[in-house]
Amino acid sequence: MKVKALTALLVAATCALSLAGCAHRRGPAPGQLTLGMVTDVGGLGDRSFNDSAYRGLQMAHARIGAYVQVLQSRSAADYQPNLTALTNLHFDMVYAIGFLMGLDLDQVAKQHPQQRYAIVDAVIDDPNVVSITFREQDGSFLAGALAAMVSKTHHIAFLGGQDIPLIEKFEAGYTAGAREVDPNIKVDVKYAGSFEDVAAGKELSNLLFNDGADIIYTAAGKVGLGAIDAVKSRDGDYIIGVDSDQDALAPGRVLTSMVKKVDVAVFDVARSLQEGKPMHGHVEFGLKDGAIGLTDFRYTKSAIGEANLARLKAIQAAIVSGKIVPPDSRKALAAFTPVPL
Amino acid sequence: MAVLLISLVALTLIKATPLIYAALGGVISERSGVINIGLEGMMAIGAFAAVVISYYTREPALGILAGIGAGALGGYVLGIAATRFKVDQIVAGTGINLICAGGAAYGLVLIYNQPGASAQVPALGREYWVLVALAFVAAAALHWLLARTPWGLRIRACGENPAALASAGIDPLAMRVYAVTLSGALAGLGGAFLSLGELNLYSDGMTAGRGFIALAAVIFGRWNPLGATFACIAFGLFEALQYVLQGRIAWLPADAMQALPYIAALVALAGITGKVRAPAADGVPY
């Protein structure tokens with residue numbers, strides 16, 4: 001009996017709190033562009049993917065006056081209810097953030113063909129869904145080219161998280177970029193088998209450095225933090241960070257970071273809607289949209305040198321113009337030959 | 342070649358050390374009659390507490406002590422649950438794993454105002470080799486203590502026949518709480534080795550299943566400290582081998598290489614079955 005009363009009290013309190021949370025929120029003004037977003041389990045505050053997407057919505061709020069609402073997912077079981085909830089509120093666009101939500105969005109989108117959706121990092125083949133993916137291989141190509149220019153040992157390395165197609169795009173682009181600059185360069189590739197085992201990142205990086213590589217590009221989530229810790233005590237060696245700007249984590253030792261700007265893509269989709277020319281189908285973002293790219297080398301400019309930076313600019317221009325097409329898989333990498341610039 | 346061999350040996354030792362601490366903890370706990378599924382969580386909370394204390398005091402040695410303390414606390418909770426409340430030991434241990442991982446994740450938000458990973462804190466540096474050496478000393482010491490001292494006899498009796506221990510005037514329940522607390526302290530030290538010895542931060546999921554591998558090592562090692570240590574070294578060696586060999590054998594993909602330690606473990610397990618016997622009262626509430 002006591003337990004029942006307690007449960008009832010808890011339920012009542014939860015309801016009251018959630019109602020209180022909604023009560024003071026103003027709804028959208030008539031005619032205002034309305035944008036809803038469902039985070040994946042990483043949630044807001046992950047300093048990476050979801051936060052970046054949320055920044056895109058805030059940009060849309062600030063620049064084009066959009067009304068914005070976010071629902072966070074505590075587990076994968078929340079994806080469909082959250083997507084459906086925003087659908088029932090008739091938002092102009094509902095964003096699903098992350099590859100993990102692909103199947104759920106597909107189901108919801110088929111049930112609500114009149115609603116517009118957007119998904120990041122997955123391709124869903126429904127007429128009412130915009131699929132946003134990134135040309136990670138383009139930015140990785142630049143990272144590889146830079147590494148080959150800076151390497152003194154003509155020996156660099158790639159450290160991946162899990163060996164999945166998404167990470168293969170990073171590996172293939174990086175290796176091709178290095179060969180573009182130095183066709184005979186040695187590129188070691190190792191995978192940690194995890195995105196979380198930070199210690200493994202440090203151990204593998206030390207191994208790669210001891211083997212003679214002097215630059216390691218990481219595409220391995222938190223495993224990359226271990227790599228950055230390993231490089232701190234190694235003068236002359238570098239790590240290239242990934243996803244967010246990691247340059248400040250070991251100033252001068254992180255050569256650059258290959259940044260993926262989910263916010264830019266999210267904002268562009270919203271703007272296209274506002275301008276009455278909504279994007280649809282599969283949209284790829286890359287160097288020319290500014291959604292993929294290297295950081296501004298604020299700690300490493302002098303180590304890289306003006307000549308190399310100019311050369312990097314030329315390579316970037318060649319990718320944007322389509323003269324160089326960075327490979328996005330090991331198979332495509334095998335067929336890649338350096339393009340004379 | 343020589344360089345390769347040295348990195349292989351060094352990597353094996355580094356990989357084995359946190360496993361050895363946790364496995365020794367597992368041995369003590371199981372020999373006293375409590376199955377410690379919670380090793381993973383105790384490692385995680387030890388790793389987390391070590392980083393937090395080093396962050397506030399700027400003293401990594403104090404951090405290591407805090408890691409030991411936090412692991413011991415986790416062990417104490419499991420010990421009380423398993424004895425006084427006679428909770429199923431597997432369920433209680435799983436609960437410890439969830440509470441520790443969740444608590445650390447929440448603590449990151451409270452203390453560093455960011456989910457996922459802590460700030461970088463003062464860490465041990467080269468002194469961490471002391472902890473590597475200490476793991477082997479601890480293994481030898483525990484082996485001697487369990488086999489040759491009255492203390493060891495009591496722990497073993499507690500796991501084989503607690504009623505006999507009670508008839509000798511020693512409370513088996515108190516003995517078990519004490520043993521599981523000690524077990525947690527060792528697991529916490531293993532976690533602190535990861536976060537402050539090897540690295541200088543805590544990150545969610547950084548223990549990456551090491552507590553469960555340690556638990557497997559306890560069984561491979563037949564509940565014997567030296568046997569468990571040997572199992573941990575073997576596991577460390579295969580892990581180090583897969584690191585070194587990855588990318589050197591072109592036709593073998595990374596995934597297959599990463600399965601190497603587990604395949605080795607399966608082969609070892611298949612080889613020693615039949616002779617394995619757990620303490621008679623292991624997992625049986627008294």
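Note that the protein sequences, when read in sequence, are chains P and B.
The C-terminal position of the first sequence is numbered 341 in this note's numbering, with every residue numbered one higher than the one before it.
The C-terminal position of the second sequence is numbered 627 in this note's numbering, with every residue numbered one higher than the one before it.
Ideal Cβ placement from N, Cα and C applies to all residues, glycine included.
Interface flag, A388(B) vs chain P, CB-CB below 7 Å: As a position in the second sequence, residue 388(B) is number 47, starting the count at 1. Cβ-Cβ to chain P under 7 Å: no for A388(B).
Beta carbon proximity, N50(P) to chain B, threshold 7 Å: Locating residue 50(P) in the first sequence gives position 50, counting from the first residue. Taking Cβ atoms only, chain B never reaches closer than 7 Å to N50(P), which makes this a no.
At least 3 beta-carbon pairs within less than 8 Å: the stretch 98-110 of chain P vs the stretch 118-131 of chain P: yes
Residue-level contact to chain P via CB, M384(B), 7 Å cutoff: Walking along the second sequence from the start, residue 384(B) turns up at place 43. No, its Cβ sits nowhere closer than 7 Å to a Cβ of chain P.
Selection from A219(P), Q80(P), G161(P) that minimises the alpha carbon distance to S244(P): Here the question's residue 244(P) lines up with position 244 in the first sequence. Nearest option by C-alpha distance: A219(P).
Selection from A148(P), G226(P), Q72(P), G221(P) that minimises the alpha carbon distance to D188(P): Working through the first sequence from its first residue, we reach residue 188(P) at position 188. Taking only the C-alpha atoms, the option nearest D188(P) is A148(P).
Exposed unless 16 or more other CB atoms sit within 10 angstroms - verdict on I431(B): Position 90 of the second sequence, counting from 1, holds the residue named residue 431(B). When all chains shown are included, I431(B) counts as exposed.
Residue closest to R298(P), alpha-carbon to alpha-carbon, out of V254(P), K323(P), V283(P): To locate residue 298(P), count along the first sequence from 1; it is residue 298. For the residues V254(P), K323(P), V283(P), the minimum Cα distance to R298(P) belongs to V254(P).
N210(P) and A230(P) closer than 7 Å at C-beta: Within the first sequence, numbered from 1, the residue matching residue 210(P) stands at position 210. Within the first sequence, numbered from 1, the residue matching residue 230(P) stands at position 230. Cβ atoms of N210(P) and A230(P): not closer than 7 Å.
7 Å Cβ cutoff, F336(P) in contact with chain B: Residue 336(P) sits at position 336 when you count from the first residue of the first sequence. Closer than 7 Å: no.
Straight-line gap, T548(B) to W470(B) (C-alpha atoms, nearest Å): As a working note, residue 548(B) is residue 207 in the second sequence. As a working note, residue 470(B) is residue 129 in the second sequence. Going from the Cα of T548(B) to the Cα of W470(B) covers about 19 Å.
Under the three-state DSSP convention, the category A255(P) falls into: Counting from one through the first sequence, the residue named residue 255(P) turns up at place 255. Looking at the sequence itself, residue 255(P) is Leu, so the reference to Ala does not match. Of the three classes helix, strand and coil, the one that applies to L255(P) here is strand, per DSSP.
C-beta contact flag for G322(P) and G139(P) at 7 Å: Within the first sequence, residue 322(P) is the residue found at index 322, counting from 1. Within the first sequence, residue 139(P) is the residue found at index 139, counting from 1. Cβ distance not < 7 Å, so G322(P) and G139(P) don't count as in contact.
Alpha-carbon to alpha-carbon, Q583(B) and I592(B): Against the second sequence, residue 592(B) aligns to sequence position 251. Against the second sequence, residue 583(B) aligns to sequence position 242. The residue asked about is misnamed: residue 592(B) is Trp in this sequence, not Ile. Approximately 14 Å, taken between the alpha carbons.
Coarse secondary structure for K381(P), derived from DSSP in three states: This structure cannot settle anything about residue 381(P), because the visible part of chain P is limited to 1 through 341.
Nonlocal neighbours in the same chain, by C-beta distance under 7 Å from H280(P), ignoring five residues either side: Taking the first residue of the first sequence as position 1, residue 280(P) is located at position 280. Taken in chain order, the residues that qualify are V130.
Straight-line Cα distance separating I304(P) from A66(P): Reading the first sequence from its first residue, position 66 is the one you call residue 66(P). Reading the first sequence from its first residue, position 304 is the one you call residue 304(P). Each residue's alpha carbon lies about 42 Å from the other.
Whole-number beta carbon distance between T353(B) and A581(B), since they are thought to touch under 8 Å: The sequence position of residue 581(B) within the second sequence is 240, counting from 1. The sequence position of residue 353(B) within the second sequence is 12, counting from 1. Indeed they touch by this definition, with Cβ atoms about 5 Å apart.
When T398(B), A504(B), L527(B) are compared against L472(B), the one with the closest alpha-carbon: Numbered from 1 along the second sequence, position 131 holds the residue referred to as residue 472(B). Residue L527(B) is the option with its Cα nearest to L472(B).
Of the residues E180(P), D125(P), E306(P), F267(P), the one placed nearest A335(P), counting alpha carbons only: The residue you call residue 335(P) lines up with position 335 of the first sequence. The shortest Cα separation from A335(P) among E180(P), D125(P), E306(P), F267(P) belongs to E180(P).
Nonlocal neighbours in the same chain, by C-beta distance under 6 Å from D268(P), ignoring five residues either side: The residue labelled residue 268(P) in the question sits at position 268 within the first sequence. Excluding sequence neighbours, D268(P) sits near nothing in its chain.
Through-space distance from L535(B) to R399(B), alpha-carbon basis: Counting from 1 along the second sequence, the entry for residue 399(B) is found at position 58. Counting from 1 along the second sequence, the entry for residue 535(B) is found at position 194. The alpha-carbon atoms of R399(B) and L535(B) are separated by roughly 17 Å.
Residues of the stretch 203-216 of chain P whose Cβ lies closer than 9 Å to any Cβ of chain B, in chain order: E203, L204, N206, L207, N210, D211
Contiguous beta strand (DSSP E) assignments of at least 3 residues, all confined to the stretch 387-455 of chain B: none
Three-state secondary structure (DSSP) of V585(B): Your numbering for residue 585(B) matches position 244 in the second sequence. Under the three-state reduction of DSSP output, V585(B) falls in the helix class.
Beta-ladder partner(s) of A96(P), from DSSP: Numbered from 1 along the first sequence, position 96 holds the residue referred to as residue 96(P). According to DSSP, A96(P) bridges with V38(P), I119(P).
Positions along the stretch 173-205 of chain P whose CB lies within less than 8 Å of some CB in chain B: D188, V189, K190, Y191, G193, S194, E196, D197, V198, A199, A200, K202, E203, L204
Contact with chain B by K331(P), beta-carbon distance below 7 Å: Here residue 331(P) is taken as the residue at index 331 of the first sequence, counted from 1. Taking Cβ atoms only, chain B never reaches closer than 7 Å to K331(P), which makes this a no.
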